[in-house]
Amino acid sequence: MQFGEIEAAALMHYVIKGINDRQENKTILYGCKNLFEFKEKFKVYEVIKSDYAKSKGGFDKTKARYDSNPRFNSFDKLKPKQEHDDRFNSKNESANKVKSSGGFERMKYSNFESRKNKFCFNCGDPTHISRFCVHKDKGFKCFECGVFGNKASECDKTKSKPEVATLDVKFEPRLDNKVTIEDISVNSLIHTGSQAILLRKSVFDKLNMCKLYPLNLSLSGFGKCKVNPLGYFKGNIKIDDFKCNADICVVENNVMSYDVIVGMNVLMQGETVINENGIVIKEKFQRIEEVDSLSVLPIDITPNEVQLNIGPDVPNIFKDKPRRLPFSKKKIVQTQVAEWLQQGIVEPCSSEYSSPVVIVRKKDGTPRVCIDYRKLNKVVVKDRFPLPLIEDILDRLQGSRVFSTIDLKNAFFHVDVNKDSRKYTSFVTHEGQYQFLQIPFLLCNSPAVFQRYINTIF
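Sequential numbering from 2 applies to the sequence shown in my numbering.
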């Protein structure tokens with residue numbers, strides 16, 4: 002039995018050493034084979050100590066007589082003088098020894114106190130040291146099982162039997178990937194732990210390759226074994242529908258049982274997926290970077306016009322004057338109108354209707370010139386063409402893998418305005434009056450008209 006890294010014998014020894022009592026009183030605690038026996042002896046020791054405490058008064062009187070009488074200040078040694086252990090002698094041996102009538106030495110009580118905590122390292126007996134142990138020829142005594150010739154640290158009783166847990170995995174992946182090297186089909190193993198692709202020499206001889214380049218490289222495999230490849234060559238490899246070009250190392254035939262081991266230098270060139278169906282390698286999708294909007298105007302436009310209908314009983318209520326703008330914003334309006342004129346989006350007019358110009362900011366902070374059509378939106382007949390729901394569009398994206406974002410520049414300007422309805426789109430600036438030839442932004446019918454236009458195309 003162990004507690005962490007401490008053996009039971011050492012633990013019992015430390016407990017005994019920590020008891021503040023005379024060594025002969027603690028003798029009962031020695032010779033235990035396990036902690037359970039040690040606890041039982043410790044209970045007996047506590048009973049003895051309890052009885053001793055009760056009779057302590059009488060014991061103190063006896064001890065006083067013992068200390069005052071020099072006859073009891075030493076004890077008879079059991080060994081002759083020539084067999085005495087020199088480790089227990091002080092520097093002045095003659096001062097510590099008293100000759101007895103029997104020819105044996107007696108040691109003073111003070112010297113006895115210095116050696117009373119020592120015990121035999123061979124059998125654990127406190128009455129002698131290992132030099133005089135009668136069981137010395139038997140070897141060390143195991144404090145765990147009590148048998149000589151064994152140590153507690155090597156005792157079979159202290160060794161716990163290892164527990165082995167088994168796990169059954171029922172996984173049958175698809176490992177029969179069709180691999181060809183230079184149009185020769187080979188028996189392959191796809192190994193994600195290999196950094197290179199390895200090919201047996203017998204297969205390389207069938208390829209009739211012109212040259213094998215030398216390779217000063219040592220390959221380390223399972224069990225830290227070292228393999229020196231014969232060389233390498235550049236070859237084409239095909240795994241199912243995936244094709245690539247890689248450096249292929251050639252090794253001896255006895256190095257591996259497969260014709261080829263496909264490593265990471267090939268797998269990194271494609272998209273490798275490992276699932277319950279096996280290993281699948283596909284071509285990587287090309288990442289398309291974001292680009293700025295292209296200044297390209299459409300050449301062929303699908304004809305589609307929008308007509309604005311206004312009730313006959315509605316008076317001409319939107320006849321606004323140009324709003325006062327800062328000089329910096331005037332330059333923005335002037336530049337934007339000139340661009341619209343050049344692109345054929347607006348034209349000068351003399352309509353009886355007019356709406357003011359406003360400048361709003363896009364998400365990226367750039368200015369956008371728009372027309373304030375709030376008064377027109379109140380009187381125009383609304384187009385009720387339905388717009389698609391965002392939730393329905395997101396549901397249609399389920400299972401998709403490639404996503405892209407396409408922003409159609411000036412989308413509403415792809416739809417023409419009916420000639421009779423252009424006068425309602427009139428707006429005024431500090432330079433003149435214009436009307437739209439294509440449907441403008443901020444008009445209430447623009448989204449519905451543009452959605453109808455998109456549905457017509459697709």
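A virtual CB, placed ideally from N, CA and C, is assigned to each residue, including glycine.
Note that the coordinates shown come from a computational prediction; the quantities given were computed from them, not determined experimentally.
Range of the contiguous beta strand (DSSP E) that encloses residue i
i	result
Q196	Counting along the chain, Q196 falls outside any beta strand (DSSP E), and DSSP gives it neither H nor E.
N276	272-276
7 angstroms Cβ shell around residue i - same chain, five flanking residues per side excluded
i	result
E348	Y435, Q436, L438
V370	I333, V334, Q337, V358, I360
T127	It is worth fixing the name first, because residue 127 is Pro in this sequence and not Thr. Q24, T28, Y31, F120, listed in sequence order.
H129	C121
T430	P323, V334, V338, V358
C134	C121, N123, C124
F442	C371, F413
E183	L208, G236, N237
N419	E306, V307, Q308
G222	V228
W341	V347
Test: residue i CB closer than 8 angstroms to a CB of chain C
i	result
K212	Absent from the structure is chain C; it holds one protein chain and no more.
Boundaries (first-last residue) of the alpha helix (DSSP H) holding residue i
i	result
N246	From DSSP, N246 is part of no alpha helix (DSSP H) but of the beta strand (DSSP E) over 243-252.
T457	447-458
Y374	Per DSSP, Y374 belongs to no alpha helix (DSSP H) and is neither H nor E.
I17	9-19
V204	202-208
E392	391-397
Close Cβ partners of residue i (< 6 angstroms) along its chain, the five nearest in sequence each way excluded
i	result
V256	V228
K239	T181
G140	F149, G150
R201	N254, D260
Coarse secondary structure for residue i, derived from DSSP in three states
i	result
L220	strand
K285	coil
N266	helix
K235	strand
T128	coil
R385	coil
K331	helix
Y46	helix
V380	helix
T181	strand
I407	coil
K92	Unreliable positioning characterises K92 in this predicted model, as indicated by a pLDDT of 43, which lies under 50. The coordinate reading is nonetheless provided below. In the structure shown, K92 sits in coil (DSSP, three-state: anything other than H, G, I, E or B).
G103	Annotation note: pLDDT 47 at G103 (below 50); position unreliable, no value reported.
I311	strand
One or two residues paired with residue i in a DSSP bridge
i	result
S355	K320
Y435	P349, F428
V361	R369
G279	N276
D417	E306, Q439
F149	K142
S189	V261
K227	S221
Y53	Bridge partners of Y53: none, in fact.
Y214	Y233
I29	Bridge partners of I29: none, in fact.
Neighbourhood of residue i by C-beta distance below 8 angstroms, restricted to the same chain and skipping five residues each side
i	result
C350	R423, K424, S427, Q434, Y435, Q436
I17	K27, L30, Y31
L220	A197, L199, K227, V228, N229, P230, C250, V252
Y214	G232, Y233, F234
E272	I282, K283, E284, K285, F286
D22	K50
S355	F319, K320, D321, K322, S427, F428, V429, Q434
beta-carbon residue i near the ligand ATP non-hydrogen atom, thresh 7 angstroms
i	result
E272	The ligand content of the structure shown is nil, which means the ligand ATP is not present either.
**Prompt:** Does the region 259-276 come close enough to the region 189-199 to have 3 or more Cβ pairs within less than 8 angstroms?
**Reply:** yes
**Prompt:** Okay, do the region 380-388 and the region 439-454 touch, 3+ Cβ pairs below 8 angstroms being the bar?
**Reply:** yes
**Asked** Do the region 137-148 and the region 30-39 make contact, defined as three or more Cβ pairs closer than 8 angstroms?
**Response** Between the region 137-148 and the region 30-39, the count of Cβ pairs shorter than 8 angstroms is three or higher; the stretches touch.
**Prompt:** Should the region 354-370 be called in touch with the region 316-331, which here means at least 3 C-beta pairs below 8 angstroms?
**Reply:** yes
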